[in-house]
Amino acid sequence: MMLMVLSALTATAGEKGSRSPATRALAFFEADGATIPEFLARHRPAPLSPALRAQVVASLPRTGEGQATAAERAKLAAIEPVLDLHGRKGTVEIKVIEVGQAFVGLHARTVLLLSRDALALLTPEELQAVTAHELGHEYVWNEYQAAMTSADYRRMQQLELVCDGIAVIALRALGLDAACLIAAVTKMTRYNERRGAVASARSYVPLGERRWFIDTVSARTSGWPSSLSPPGSPSGTSRASRIPR
């Protein structure tokens with residue numbers, strides 16, 4: 003009888019593991035022979051039209067918006083290569099805001115919002131890492147909005163991890179280590195916890211699991227070339243063109 007119970011518990015644990023946000027998010031990064039630019043281009047949606055972007059910017063409240071200082075502008079310059087890699091240079095606007103917590107977020111696929119606290123807390127490399135994560139949200143935008151609407155937190159956790167993975171390969175293409183992303187998310191999480199700014203905590207897996215996932219994607223994609231394939235060569239295929247549920 004005890005053996006049957008143990009077997010049932012083991013099977014249940016294995017079934018739960020196979021359905022975990024991290025396991026499902028990892029499936030997104032199964033690719034055969036893809037270079038990083040090719041992988042990103044394959045999954046990246048077309049940018050919003052200029053008219054739609056203008057509407058988004060015009061609808062933003064002015065309350066809380068700040069003017070970047072010279073030191074902040076110098077740090078913000080580090081973001082440009084990340085925007086360029088994701089094909090969003092000139093289509094994503096950057097705004098500095100004052101919200102009393104470390105916050106970086108992509109609003110309506112159009113505006114990258116960065117709080118003064120985050121700018122002061124992060125190094126330029128860490129800022130590049132969290133920007134790469136936020137731009138990763140464009141790749142799963144519709145799925146994430148649907149998960150938010152239905153308050154499906156496990157799905158949101160999975161998609162946040164996909165964004166971490168996209169950030170990992172973007173950082174590699176820029177010659178940066180995934181450790182920058184781990185440092186950035188650790189700093190921001192701890193900083194916000196000390197201030198009680200934890201309203202979005204349910205959207206993320208625990209910090210230790212998030213670090214594990216970042217390291218795992220980094221190892222799994224370590225052989226992916228950072229430059230485009232030569233003309234005429236096979237570009238590789240992705241077995242995970244959709245985000246697994």
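Per the working numbering, the sequence shown runs over residues 3 to 247. Here a beta-carbon is modelled for each residue, glycine too, at the ideal position from N, C-alpha and C.
From the DSSP secondary-structure annotation, give me the bridge partner or partners of residue i.
| i | result |
| --- | --- |
| residue 113 | 95, 109 |
Would you call residue i buried or exposed, if buried means 16 or more other Cβ atoms sit within 10 Å of its Cβ?
| i | result |
| --- | --- |
| residue 71 | exposed |
| residue 133 | buried |
| residue 1 | Lying before the first or after the last residue shown, residue 1 is absent from the chain, which here runs from 3 to 247. |
| residue 102 | exposed |
| residue 13 | At residue 13 the pLDDT is 37, less than 50, meaning the model places this residue with poor confidence; the figure from the coordinates comes in the next sentence. Counting Cβ neighbours within 10 Å, residue 13 comes out exposed, since fewer than 16 surround it. |
| residue 79 | exposed |
| residue 65 | exposed |
| residue 158 | buried |
| residue 167 | buried |
| residue 198 | exposed |
| residue 229 | exposed |
| residue 221 | exposed |
| residue 144 | exposed |
| residue 215 | buried |
| residue 6 | Below a pLDDT of 50, predicted positions are generally treated as unreliable, and residue 6, at 36, falls in that range; no measurement from the model is reported. |
| residue 82 | exposed |
| residue 196 | exposed |
| residue 225 | exposed |
| residue 48 | exposed |
| residue 232 | In this predicted model, residue 232 has a pLDDT of only 45, less than 50, meaning its place in the structure is not dependable; the value taken from the coordinates is given anyway. When all chains shown are included, residue 232 counts as exposed. |
| residue 40 | buried |
| residue 213 | buried |
| residue 73 | exposed |
| residue 60 | exposed |
| residue 19 | Note on residue 19: pLDDT 49, under 50, position unreliable in the model; no value is reported. |
| residue 149 | buried |
When the Cα of residue i is compared with those of the options, which residue comes out closest?
| i | options | result |
| --- | --- | --- |
| residue 50 | 218, 93, 209, 81 | 93 |
| residue 46 | 129, 187, 142, 196 | 142 |
| residue 136 | 106, 69, 89 | 106 |
| residue 119 | 129, 145, 206, 113 | 129 |
| residue 279 | 111, 36, 124, 125 | Because residue 279 is not part of the residues shown, which for the chain are 3 to 247, the question remains open. |
| residue 38 | 214, 177, 77, 216 | 177 |
| residue 261 | 160, 74, 29, 91 | With the chain running from 3 to 247 in the structure shown, residue 261 is simply not present. |
| residue 170 | 21, 121, 69, 88 | 88 |
| residue 104 | 207, 190, 226, 183 | 190 |
| residue 248 | 131, 77, 148 | Here the chain comprises residues numbered 3 to 247, so residue 248 is not present and cannot be evaluated. |
| residue 68 | 96, 221, 91, 82 | 96 |
| residue 165 | 22, 27, 21 | 27 |
| residue 185 | 154, 202, 217 | 217 |
| residue 193 | 123, 213, 202 | 123 |
| residue 175 | 42, 25, 33 | 42 |
| residue 108 | 179, 146, 127 | 146 |
| residue 127 | 115, 179, 86 | 179 |
| residue 262 | 138, 202, 115, 219 | In this structure the chain extends from 3 to 247, so residue 262 is not present and cannot be described. |
Which whole-angstrom value is the C-beta distance of residue i and residue j, which I expect to be below 8 Å?
| i | j | result |
| --- | --- | --- |
| residue 172 | residue 84 | 7 Å |
| residue 163 | residue 188 | At roughly 15 Å, the Cβ-Cβ gap does not stay under 8 Å, so residue 163 and residue 188 are not in contact. |
| residue 113 | residue 62 | 7 Å |
| residue 117 | residue 140 | Wrong, their Cβ atoms sit about 20 Å apart, outside the cutoff. |
| residue 207 | residue 23 | 6 Å |
| residue 121 | residue 91 | Incorrect: roughly 20 Å between the Cβ atoms, too far for contact. |
Can you determine whether any heavy atom of the ligand COA sits closer than 7 Å to the C-beta of residue i, and answer yes or no?
| i | result |
| --- | --- |
| residue 47 | With respect to the ligand COA, the structure shown offers nothing to examine, as it has no ligands at all. |
Start-end ranges of the alpha helix (DSSP H) lying completely within the segment 23-111, minimum 4 residues
23-28, 38-45, 52-61, 72-78, 82-87, all fully within the segment 23-111.
Hey, which unbroken runs of the alpha helix (DSSP H) at 4 residues or more fall wholly within the segment 122-153?
With a minimum length of 4 residues, the continuous alpha helix (DSSP H) runs that stay inside the segment 122-153 are 126-138, 143-151.
So within the segment 153-225, which uninterrupted alpha helix (DSSP H) runs reach at least 4 residues, ignoring any that extend past its ends?
List check, alpha helix (DSSP H) in window: 155-175, 181-196, 209-222.
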